[in-house]
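Listed in order, the protein sequences are those of chains A and B. For this note's numbering, add 93 to where a residue sits in the first sequence, where the first one is 1. For this note's numbering, add 93 to where a residue sits in the second sequence, where the first one is 1. This report refers to the structure that appears directly beneath it.
There are 2 protein chains.
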Amino acid sequence: MAEAKSNKVNMKTLAKVLNVSIATISKALRDSHDIGEETKQRVIETAKLLHYVPNPYASSLRKRSSNTIAIIIPEIADSFFSQAINGIESIVGQEKYHALIYLTHDSYEREAQMFADLSSGRVDGVIMSVASNTKEIRHIQELQQAGVPIVFFDRVCEDIPTAKIKTDDFNSAYMATKHLLEQGCKNISLVTIEGYPSILQAREGGYKKALTEHQVKHKEQNIISCSNKYNQENIAFLKEHIDKIKPDGIIATVEHLATTTYLACEELKLNIPNDIKVVCFTNQITAAILNPPLTTVLQPAYDMGRKAAELLFGHLAGKPIQLEKENITLPSKLVVRDSTRAGD
Amino acid sequence: MAEAKSNKVNMKTLAKVLNVSIATISKALRDSHDIGEETKQRVIETAKLLHYVPNPYASSLRKRSSNTIAIIIPEIADSFFSQAINGIESIVGQEKYHALIYLTHDSYEREAQMFADLSSGRVDGVIMSVASNTKEIRHIQELQQAGVPIVFFDRVCEDIPTAKIKTDDFNSAYMATKHLLEQGCKNISLVTIEGYPSILQAREGGYKKALTEHQVKHKEQNIISCSNKYNQENIAFLKEHIDKIKPDGIIATVEHLATTTYLACEELKLNIPNDIKVVCFTNQITAAILNPPLTTVLQPAYDMGRKAAELLFGHLAGKPIQLEKENITLPSKLVVRDSTRAGD
DNA sequence: ACGGTTTAAGTAAACGTTTAAGCAAATAAA
DNA sequence: TTTATTTGCTTAAACGTTTACTTAAACCGT
Chain A
94 MAEAKSNKVN MKTLAKVLNV SIATISKALR DSHDIGEETK QRVIETAKLL
144 HYVPNPYASS LRKRSSNTIA IIIPEIADSF FSQAINGIES IVGQEKYHAL
194 IYLTHDSYER EAQMFADLSS GRVDGVIMSV ASNTKEIRHI QELQQAGVPI
244 VFFDRVCEDI PTAKIKTDDF NSAYMATKHL LEQGCKNISL VTIEGYPSIL
294 QAREGGYKKA LTEHQVKHKE QNIISCSNKY NQENIAFLKE HIDKIKPDGI
344 IATVEHLATT TYLACEELKL NIPNDIKVVC FTNQITAAIL NPPLTTVLQP
394 AYDMGRKAAE LLFGHLAGKP IQLEKENITL PSKLVVRDST RAGD
Chain B
94 MAEAKSNKVN MKTLAKVLNV SIATISKALR DSHDIGEETK QRVIETAKLL
144 HYVPNPYASS LRKRSSNTIA IIIPEIADSF FSQAINGIES IVGQEKYHAL
194 IYLTHDSYER EAQMFADLSS GRVDGVIMSV ASNTKEIRHI QELQQAGVPI
244 VFFDRVCEDI PTAKIKTDDF NSAYMATKHL LEQGCKNISL VTIEGYPSIL
294 QAREGGYKKA LTEHQVKHKE QNIISCSNKY NQENIAFLKE HIDKIKPDGI
344 IATVEHLATT TYLACEELKL NIPNDIKVVC FTNQITAAIL NPPLTTVLQP
394 AYDMGRKAAE LLFGHLAGKP IQLEKENITL PSKLVVRDST RAGD
């Protein structure tokens, strides 16, 4: 078998070997019908033989498009986001695109910095979940005005006219709260984190609606905002809250708050579900084997990622998709387990 | 404030505006001392004013280096890998590099495909954990011979002479097994997954060493290979094993096997730790709140990722680092919890 | 005043593609 | 037979940088 030269083989090499012009090589490889069938075959064969791989940067420069997208998310050590990435990746790979990953760590400054960089044309599109403390959205607007399509998922930015893939935060918080009420809770706290205006509002809204429907008066003090990190301070902060408010039900709105809540209850010697019932928004498979098994709001992470990617790639492929018209909501599912079973 | 033009601003634009040559712009921005201090300032100022961002593809093409690395891992919905990515990212961001992410889903074919693509010069380096069914390593060798530095972490490929960041699989399996033996187990099963020759061998070795030291004869039937997916079949498969072998201790070697094991035991009405003790290699924070809290081998995921990135970037920056000499082992930690407490 | 060095620029080629435009030969249409 | 069209290929410019080389002026020592 013929071996590839150790020095880079490019179109020039192929052209020389086959004694045709570089243009012929390029067109043959892109299956242009400028080129005769026989020549095409010879080019393709030789390219394979010499292990020719096109230089993506030359191609991107010339075509002014990169076959690359950016995935911008707050963090990655979170089952929701990692599952969403799986969904995105299922399309990216199939479309022969490449994905750059950027973690904002929930910092607006980093997010803005990343967007500034992307205005260079580095990517053909962006799939993102905004940072929790992003209030100013100029960086996003500017990239969009520069012609880079953006698709939001989960933590969307309502003020940007583009595709948004959400889950039914309002309704699932409503269902979760209703469930707690039906299990006998009278004093339910909503444990949330700083920022995320749109998600927060939706979940808070659903929570309040359920309370109202059950003639329970909502008290502001029942909503507590933790920092978006899993750490000892949050546990202490939550313990203090529980100690003071004595809730008999807790809705934890992000994944890592499940552990925080369980540990806080344990330290306070509160029994779940007898003393206090807990439901959490999380996709962790371990929910089923917790002590006790945790009632969860299971978000369609994979499907959200996948749908976001489908829209972006559909748009990039020139399909008649008006991103700003796409406002998709995929349902979350309340999975009831022992952490909310009615006591005796 | 002057607004950026809506059409792309490049060096030509700046050159025209400042009435200097393109070369001057380029040199000024790279702080060459070919250029006078005053001119440099004018260039930098104008670039900022017009929101100039260099085209990375033109730059990569010309410089034949991309300021981009590839992260190639089997999967991402796994706390070990996502934490490792956090570690990698902590360096990537700081070095102003970009990270392309590729998921092999443990498929050799996909992995080989990705490597073929990377031979185009798309990335300056690779950080990877090999797929479980990768036996043939030509794709890796070829990329390396093409001059792309590769750093392995966790699931390394022993036959490639380059940097490897591992954790002490042998020793931590040894410690875990010893711990189970000391807690009174006499019949310990090792639950593992297909593939991963080097990791598997190390963990199996540590497991056997502990058994031998405690005069327990090892039986091949005590090692069970599941598929590397969290699903119902694996639970059934493990149940069958437990039912047949009746182990009083289980060492689960990858994260998702924790849930599999717990559910299998639950379905078999086996009490952990009284009937059977369990320890699992996992980094999930929920380990502490499982029923019962799970004894884990906690791997230094973040540090492994970070170290891998440090080596790669050190090498790329031209520091005198001989990658093939770097064979680093970071310690895992056995975190003892109730799933292995001695019964009464 | 003269050669030599330093400073601060500019010129132009190169990186590897893609593609508009051109052209000769073959084929079809008249 | 002549004219148009198609086929199959080539030429050359362009994408936006970087950089080796050139140049012109200024400065400096003798």
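Glycine is no exception: its CB is placed at the ideal position from the N, C-alpha and C atoms.
Are residue i and residue j close, meaning C-beta to C-beta below 8 Å?
i         : j         : result
A:Ala-192 : B:Leu-193 : yes
B:Leu-154 : A:Tyr-145 : no
B:Ser-432 : B:Leu-391 : no
B:Asn-420 : B:Lys-257 : yes
B:Ser-222 : B:Pro-167 : yes
A:Gly-180 : A:Ala-402 : yes
B:Leu-196 : A:Glu-182 : yes
B:Ile-286 : B:Leu-273 : no
A:Glu-204 : A:Thr-227 : yes
A:Ser-152 : A:Asp-217 : no
B:Leu-283 : B:Asn-315 : yes
B:Gln-176 : B:Tyr-395 : yes
B:Ile-230 : B:Ile-243 : no
A:Thr-117 : A:Thr-132 : yes
From what residue to what residue does the alpha helix (DSSP H) around residue i run?
i         : result
A:Lys-370 : Unbroken run through A:Lys-370 is the beta strand (DSSP E), 370-374; no alpha helix (DSSP H).
B:His-191 : Unbroken run through B:His-191 is the beta strand (DSSP E), 191-196; no alpha helix (DSSP H).
B:Thr-117 : 115-122
A:Val-219 : Run containing A:Val-219: none in the alpha helix (DSSP H); it sits in the beta strand (DSSP E), 218-221.
A:Thr-352 : 350-360
B:Val-428 : Not the alpha helix (DSSP H): B:Val-428 falls in the beta strand (DSSP E), residues 426-428.
B:Thr-446 : No answer is possible for residue 446 of chain B: it lies beyond the span of chain B, which begins at 94 and ends at 437.
A:Gly-342 : Per DSSP, A:Gly-342 belongs to no alpha helix (DSSP H); it is in the beta strand (DSSP E), 342-345.
B:Val-185 : 172-187
Pick from the options: whose alpha carbon is nearest that of residue i?
i         : options                                       : result
B:Val-249 : B:Ala-224, B:Ser-432, B:Thr-354 and B:Ser-425 : B:Ala-224
B:Ala-435 : B:Arg-215, B:Cys-278, B:Leu-416 and B:Gly-411 : B:Cys-278
B:Met-397 : B:Tyr-190, B:Gln-238, B:Ser-212 and B:Phe-245 : B:Phe-245
B:Lys-370 : B:Ser-213, B:Ala-345 and B:Lys-257            : B:Ala-345
B:Thr-375 : B:Ile-365, B:Asn-364 and B:Thr-388            : B:Thr-388
A:Gly-240 : A:Val-219, A:Arg-203 and A:Asn-226            : A:Val-219
B:Pro-147 : B:His-334, B:Asp-127, B:Ile-128 and B:Ser-119 : B:Ser-119
A:Cys-319 : A:Ala-351, A:Leu-111 and A:Gly-214            : A:Ala-351
Examine chain A for any beta-carbon lying closer than 8 Å to the beta-carbon of residue i, and answer yes or no.
i         : result
B:Pro-393 : no
B:Gln-325 : no
B:Arg-215 : yes
B:Ala-170 : yes
B:Pro-167 : no
B:Ala-151 : yes
B:His-191 : yes
B:Ile-118 : no
So is residue i in contact with chain B if we call contact Cβ pairs under 8 Å?
i         : result
A:His-126 : no
A:Asp-210 : yes
A:His-349 : yes
A:Val-113 : no
A:Ala-95  : Below a pLDDT of 50, predicted positions are generally treated as unreliable, and A:Ala-95, at 35, falls in that range; no measurement from the model is reported.
A:Lys-98  : Residue placement at A:Lys-98 cannot be trusted, given a pLDDT of 37 that sits under 50; the coordinates are not used to answer.
A:Ile-178 : yes
A:Ile-338 : no
A:Asn-160 : no
A:Glu-182 : yes
A:Leu-383 : yes
A:Asn-148 : yes
A:Tyr-444 : Nothing can be reported for residue 444 of chain A: it is not among the residues displayed for chain A, which extend from 94 to 437.
A:Leu-154 : yes
A:Thr-379 : yes
How far does the beta strand (DSSP E) with residue i in it extend, from its first residue to its last?
i         : result
B:Asn-420 : 420-423
B:Val-249 : Looking at the DSSP string, B:Val-249 is not in any beta strand (DSSP E), and its letter there is neither H nor E.
A:Leu-438 : The structure shown has nothing for residue 438 of chain A, since chain A only spans 94 to 437.
For the region 353-360 of chain A against the region 324-339 of chain A, do three or more pairs of beta-carbon atoms, one drawn from each stretch, fall closer than 8 Å, so that the two count as touching? Taking 8 Å as the limit for Cβ pairs, the verdict is that the region 324-339 of chain A does touch the region 353-360 of chain A.
Check whether the region 160-176 of chain A touches the region 132-144 of chain A, counting contact only when three or more Cβ pairs, one atom from each stretch, lie closer than 8 Å. Judged by pairs of C-beta atoms under 8 Å, the region 160-176 of chain A does not touch the region 132-144 of chain A, as fewer than three such pairs exist.
Check whether the region 379-388 of chain A touches the region 379-390 of chain B, taking contact to mean three or more Cβ pairs, one atom from each stretch, closer than 8 Å. Taking a cut-off of 8 Å on C-beta distances, the region 379-388 of chain A touches the region 379-390 of chain B, as three or more cross pairs fall below it.
Three or more C-beta pairs closer than 8 Å, one from the region 157-165 of chain B and one from the region 334-342 of chain B: is that the case here? No: fewer than three Cβ pairs fall under 8 Å.
Using 8 Å as the cut-off, can you tell me whether the region 263-278 of chain A makes contact with the region 294-302 of chain A, which would need three or more C-beta pairs spanning the two stretches below that distance? Contact check between the region 263-278 of chain A and the region 294-302 of chain A: three or more CB pairs, one atom from each, fall below 8 Å, which counts as touching.
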